[in-house]
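**Q**
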Amino acid sequence: QVSVHFPQGRHGLFAGPAAVLRAVENVSLAVRPGETLALVGESGSGKSTLGQVVAGLRDPTAGALKFHGRPMGKTEWRAARKAIQIVFQDPFSALDPRMPVSDLITEPLRIQRLGTGAERRRRAAELVGQVGLPLDALNRYPHEFSGGQRQRIAIARALAPDPALIVADEPLSALDVSIQSQILNLMKTIQEERGLSYLFISHDLAVVNHLADRVAVLYLGRLVELAERADLFAKPSHPYTAALLDAVPRIGRGRRRRGRSLKGEMPSPLNPPPGCVFHPRCPKAQDICRVTPPALEPAPGRPRHLAACHFKE
Ligand code: SF4
Ligand code: MG
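Start counting the sequence shown at 65; every next residue gets the next number (the working numbering).
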């Protein structure tokens, strides 16, 4: 269970008592071996911050990660670093433009002093093939490639230390729609071949429906729903998830209209509403919702379907 808080300075426009931005609040999640766990929610919901914590790029303010059941302190992180890799949204800024592809791919190995120079070069040659790039890509530079090809390079780099888990933070959203399905299929194939897990961060529910085994829904840094993909898409339990799903256009079926679409904006995480943080936007809100925060618990008759709502479906 982790939280990430960003203390805000007492300077500038908002001078006054120091505020705390609660980007991630008491989130408890486990990614299982070989699964794709999708992390969804609007921008500002804390998805990327949580992904950075999982990838070891950011320390949680409270709580700690466990890897194979063992809490991760500073020392464990050094050993586990190669097991968890990250692929970012923007393949244009994620790769150092001055490095040839071979160096980009082997950099995680060099940093962790894994293998000899010759072994690392062999590994890079193997990996460019696995992500569908020609061997001569190794000697070229990122600017010589398209966005989709650059994301392939980023995936090869993430795969270099043979990780158990890849955190993929919106890996498709900077790409043309025609390229997105190619990268998605590549990620699926790689997963089948290696049995690795993905923590797949996305706001695109159509993609999530295509790829995920389970889905975790974040709202204002809180985990509000966690369920098997099919169960969540067929019968969401939390009103926020229901509203998110209602906003997805369905080809051939027209737009589902159940009057549950989202109204208003997500409140500032600097000043979250009391009680259930979703209550100002919730069509089902009652008095209790304005006062008592709901716990994340199984929905009635659905032991593996968790939702944080006083009136779960
Ligand atoms: Fe809506 Fe209340 Fe459920 Fe929150 S607890 S999601 S406000 S019904
Ligand atoms: Mg983000």
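Glycine included, C-beta positions come from ideal geometry on N, C-alpha and C.
(1) Run the proximity test for Y205: is its beta-carbon closer than 7 Å to any non-hydrogen atom belonging to the ligand SF4?
(2) My guess is that E289 and T305 are in contact by the Cβ rule of under 8 Å, so how many angstroms apart are they, rounded?
(3) With 16 other CB atoms within 10 Å as the buried threshold, where does S245 fall?
(4) Is the shortest distance between the beta-carbon of P331 and the beta-carbons of chain C less than 8 Å?
(5) Within this structure, are the beta carbons of L250 and G196 separated by less than 8 Å?
(6) Hey, is P364 close to the ligand SF4, as in C-beta under 7 Å from one of its heavy atoms?
(7) By the 10 Å Cβ neighbour count, where 16 or more other Cβ atoms means buried, how is Q370 classified, buried or exposed?
(8) Tell me whether N335 sits in a helix, a strand or coil according to DSSP, three-state version.
(9) Would you mind stating whether A238 and D154 have Cβ atoms separated by less than 8 Å?
(10) Check whether the segment 360–369 touches the segment 128–145, taking contact to mean three or more Cβ pairs, one atom from each stretch, closer than 8 Å.
(11) The ligand SF4 and A349: does any heavy atom of the ligand fall closer than 7 Å to the residue's C-beta?
(12) Report yes if the C-beta of P303 is less than 7 Å from at least one heavy atom of the ligand SF4; otherwise report no.
(13) Got a sec, what are the start and stop residues for the alpha helix (DSSP H) Q149 sits in?
(14) Alpha carbon to alpha carbon, how far is G285 from S92? Give it in angstroms, no decimals.
(15) Straight-line CA distance for R345 to Y283?
**A** Considering the structure as presented:
(1) no
(2) 5 Å
(3) exposed
(4) Considering every chain present, this structure includes no chain C. It has just one protein chain.
(5) L250 places its beta carbon less than 8 Å from that of G196.
(6) no
(7) Per the sequence shown, residue 370 should be read as Leu rather than Gln. With 16 or more other Cβ atoms within 10 Å, it is buried.
(8) coil
(9) In terms of Cβ geometry, A238 and D154 form a close pair [threshold 8 Å].
(10) Segments in contact, no.
(11) yes
(12) yes
(13) Element bounds for Q149: not the alpha helix (DSSP H) but the beta strand (DSSP E), I148 to V151.
(14) 11 Å
(15) Cα-Cα distance, rounded: 12 Å.
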